[in-house]
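The opening residue of the sequence shown carries number 1 in the UniProt record's numbering; numbering runs sequentially from there.
Note that beta-carbon positions come from the ideal geometry of N, C-alpha and C, so glycine has one too.
Each remark here refers to the structure printed beneath this line.
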Amino acid sequence: MTDICAYTIGTILSLQTLCTCIISIIGQYIYAYYLNIYPIPPNSTYNFSTITSMTTYNFLKKFNDDTKQCIESDISPDSDAQAWAQEQSADLFFWTNLCSSCPLIIMTYILGLYTPKLGQRFVLILPMIGTLMQFSIWLAIIYFHLPDYWWYIAAVIVGISGSSGILSFVLTLIITETTNEDDLSSRSVRLGALQTGVSAIGTFAIGYYIDWRGFTDLCWIGLGLELISILIVMFIFKSINSNHNERIPLLISINENEFKELSSNTSNNFFQVCKVFHFNKRRTLTKSISLLLTLFSNIFYTLASSTFAPFCWTSKNIGNYSALAAISYAILSVLGMQALTHAGANDAIICLISHIFFLISSIWLAFARHNWELYAGLLISAFSGYQGSLTMSMMTKWLEPSERSNAFIFVTEINTIMTTFGTTFFTWVYARTVLNYRNLTLLLGAGLCIIPTILNLCLALITRKISEEDLPPLSETDVEPAPLRLPNNGPLHAGDATCVVIPSRSLTSSLRTPNVERSRSNSIDDNETEEVLDPSTNDLIIL
């Protein structure tokens, strides 16, 4: 990879990571708005989804005062306002998720499959344009008091553009094609480290910026960052790829005739993607079963990751917590991976241990009573993301070279479906259980995590029967790096009323990791007491 190409990809990745961090705060913005307008007259016809520009010191002071009153008394009118604001925010995000889910799923498949024909730069720019339009619509809602359906229009536009999944897909494609094979792993590690650092710094700074200036300016910053990203792709990428044919597949089969046969027509492409995991004569029965166990483990892992409910904290504390979460995950996950590898654990055992940590982390956060317990939970959840990190590398051991591209597209599509379904459904559940069963979604996540735990146990037993001769060495399998994963900014994480979602990244790879470290707590400033348990109900206070 040339220096200019490496710097360009690093710049785009950094800009898009910052944009995703900014997008994540819209939930805080909407929640703050609903909190500000409560209570309302019974005969009021005011449009609650219309957000006014709330950047003044008086509003932020009122927001903090209301939150303090809620902590002091869980049965006060302010507590009712907190609960009402969360319900309204969750409902709004539920409908935006629902509107964007169908176009997002369809376009993820179409753009992923036809990237070789459409061209890398076109597919890379498309999600950026969608996010640019989203920021523009949000600003229009803020300043022109547009009606509710404009939120849904913005969500649909992001879905049609393919969102961050397609952006990650194309960046991985470009890195693969422009990097020497010997430098591929180290390049992926450095880019993963860069993304982790940018996420940590970005969320930390955003939290303090909101506490100082409010929310609206950040939308303008996000708009500018997306515009810069588009210009970089349009002009700098054009010069980089002038001598390179960007309309080539992500993974080229060793047999070109075989690839032409797989790509002969549109319907054949579709069925090849859907049939990549079916039983066939080219694979042994053990390998086919191992593929399916790995696939379904990843499916339920992704679904369990989407059950984490939002928590209510000040923007400054959310920024601090999220930055620490990203850093701790990046460091501890590497140490954990090295320790397990040196102990002789295979991929299935590592994923099994990871799900056990996921289960413990979910239960720990569900019953947390103090702020320090939430931070201590990061030490547990840092080891809970190995399933996402190892899924593709595990599959490549059992797939033919000509099948890997279709498998990558299929897994990307499945992840998109499960994420959109999970965030939509569990937001609906959260909006209806926040008053009486505040920890329900975390407990559901713990329950769902039991399924991939059992599947990986079965996989560990089955793979013991596969001899080392059946698994070619890593250098012979031409294993591609797993895709760079930006946090999913479309659809919005429904109900994330005050939650910044951070893309936790392992420095050993650049793979998808769960939406971890989301719990519930209330804290207003650094001098506020850490006790967040309501002594009258023995339950964690939630706004």
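For a test of the three-state rule: what should DSSP assign to residue 562, helix, strand or coil?
Residue 562 is absent from the structure shown; the chain starts at 1 and stops at 543.
Thr341: buried (16+ other C-beta within 10 angstroms of its C-beta) or exposed?
Classification for Thr341: exposed.
Could you check if Gly214 is buried or exposed, using at least 16 other CB atoms within 10 Å of its CB as the buried criterion?
Classification for Gly214: buried.
Buried or exposed: which applies to Leu335, given that a residue is buried once 16 or more other Cβ atoms fall within 10 Å of its Cβ?
Leu335 is exposed by the Cβ-count criterion.
With a cut-off of 8 Å, do at least 3 Cβ pairs link the segment 403–411 to the segment 319–328?
No contact exists between the segment 403–411 and the segment 319–328.
Is any beta-carbon of chain C found at less than 8 Å from that of Ala345?
Annotation note: the requested chain C is absent from the structure, which comprises a single protein chain.
With a CB to CB cut of under 8 Å and the five nearest residues on each side skipped, what residues in its chain are close to Leu291?
Correct list, in chain order: Phe277, Arg283, Met395, Trp398 and Leu399.
What are the start and end residues of each continuous alpha helix (DSSP H) run of 4 or more residues lying completely inside the segment 309–392, in chain order?
Correct list: 315–342, 347–366 and 371–381.
Scan the segment 166–202 and note each continuous beta strand (DSSP E) run of 3 residues or more that stays entirely inside, going in chain order.
For the segment 166–202, not a single whole beta strand (DSSP E) run of length 3 or above is found.
Where does Phe279 fall in DSSP's three states?
Coil, per DSSP.
Starting from the C-beta of Ser333, find all residues in its chain whose C-beta is less than 7 Å away, skip the five residues before and the five after it, and write them out in chain order.
If we look at Ser333 and ignore the five residues flanking it on each side, its Cβ neighbours are Ala382, Phe383, Gly385 and Ser506.
Over what stretch of residues does the alpha helix (DSSP H) that includes Val158 continue unbroken?
First-last of the alpha helix (DSSP H) with Val158: Tyr149 to Ser161.
Going by C-alpha distance, which of Ile25, Leu111, Pro452 and Gly388 is nearest Thr93?
Note on identity: in this sequence residue 93 is Phe, with Thr being the wrong assignment. It is Ile25 whose Cα lies nearest to the Cα of Phe93.
Name the residue from Thr8, Ile9 and Ala83 whose alpha carbon lies nearest to the alpha carbon of Leu35.
The residue with the shortest Cα to Cα distance from Leu35 is Ala83.
Let me know if Cys5 comes out buried or exposed under the rule of 16 or more other beta-carbons within 10 Å of its beta-carbon.
Buried.
If you follow the alpha helix (DSSP H) that Ile236 is in, where does it begin and where does it stop?
Taken as a continuous stretch (DSSP letters only), Ile236 belongs to no alpha helix (DSSP H), as it is neither H nor E.
Tell me the rounded alpha-carbon separation between Ile414 and Leu113.
Looking at the two C-alpha atoms, the distance is approximately 14 Å.
Are there 16 or more other CB atoms within 10 angstroms of the CB of Phe169, so buried, or fewer, so exposed?
Its Cβ being crowded by 16 or more others within 10 Å, Phe169 is buried.
What is the DSSP secondary structure of Trp220, reduced to helix, strand or coil?
Trp220 falls in the helix class under three-state DSSP.
Just confirm the distance between the C-beta atoms of Phe426 and Thr416, as a whole number of angstroms; I'd bet it's less than 8 Å.
Their Cβ separation, rounded to whole angstroms, is 16 Å, which puts Phe426 and Thr416 out of contact at 8 Å.
Are the CB atoms of Gln387 and Ser354 nearer to each other than 8 Å?
The answer is yes: Cβ separation under 8 Å.
Let me know if Lys316 comes out buried or exposed under the rule of 16 or more other beta-carbons within 10 Å of its beta-carbon.
The residue in question, Lys316, is buried, as its Cβ has 16 or more Cβ neighbours within 10 Å.
As a quick exercise: from Arg432, Tyr109, Tyr301 and Asn436, pick the residue whose alpha carbon is nearest that of Gly162.
It is Tyr109 whose Cα lies nearest to the Cα of Gly162.
With C-beta atoms as the reference, is Glu87 less than 8 Å away from Val434?
Cβ distance < 8 Å, so Glu87 and Val434 count as in contact.
If we count the other Cβ atoms within 10 Å of its Cβ and call it buried at 16 or more, is Asn280 buried or exposed?
It is exposed - the Cβ of Asn280 has fewer than 16 other Cβ atoms within 10 Å.
Provide the residue span of the alpha helix (DSSP H) that contains Ser306, from first to last.
Counting along the chain, Ser306 falls outside any alpha helix (DSSP H), and DSSP gives it neither H nor E.
DSSP state of Arg438, grouped into three classes?
The answer is coil: DSSP assigns Arg438 none of H, G, I, E or B.
Apart from the five residues on each side of it in sequence, which residues of its chain come closer than 8 Å, Cβ to Cβ, to Tyr375?
Answer for Tyr375: Tyr321 and Leu324, listed in chain order.
Drop a sphere of 10 angstroms on the beta-carbon of Met392, count the other beta-carbons inside from all chains shown, and report buried for 16 or more, exposed for fewer.
Flag for Met392 reads buried.
With a Cβ-Cβ cutoff of 8 Å, do Ala460 and Leu359 count as a contact?
Not closer than 8 Å, so no.
The ligand GTP and Ala193: does the residue's C-beta get closer than 7 Å to at least one heavy atom of that ligand?
Absence of the ligand GTP from the depicted structure is noted, as is the absence of any ligand whatsoever, leaving it without description.
How big is the Cα-Cα spacing for Asp91 and Ser101?
Roughly 15 Å between the two C-alpha positions.
Under a Cβ-count criterion, where at least 16 other Cβ atoms within 10 Å of its own Cβ denotes burial, should Gly344 be classed as buried or exposed?
It counts as exposed.
Which residue's Cα is closest to the Cα of Thr11: Glu226, Thr203 and Arg369?
Selected option, being the one with the closest Cα: Glu226.
With a floor of 3 residues, list each beta strand (DSSP E) that falls wholly inside the segment 90–120, ordered by position along the chain.
Correct list: empty.
From the DSSP output, in three-state form, read off Trp428 for me.
Note: Trp428 maps to helix in three-state DSSP.
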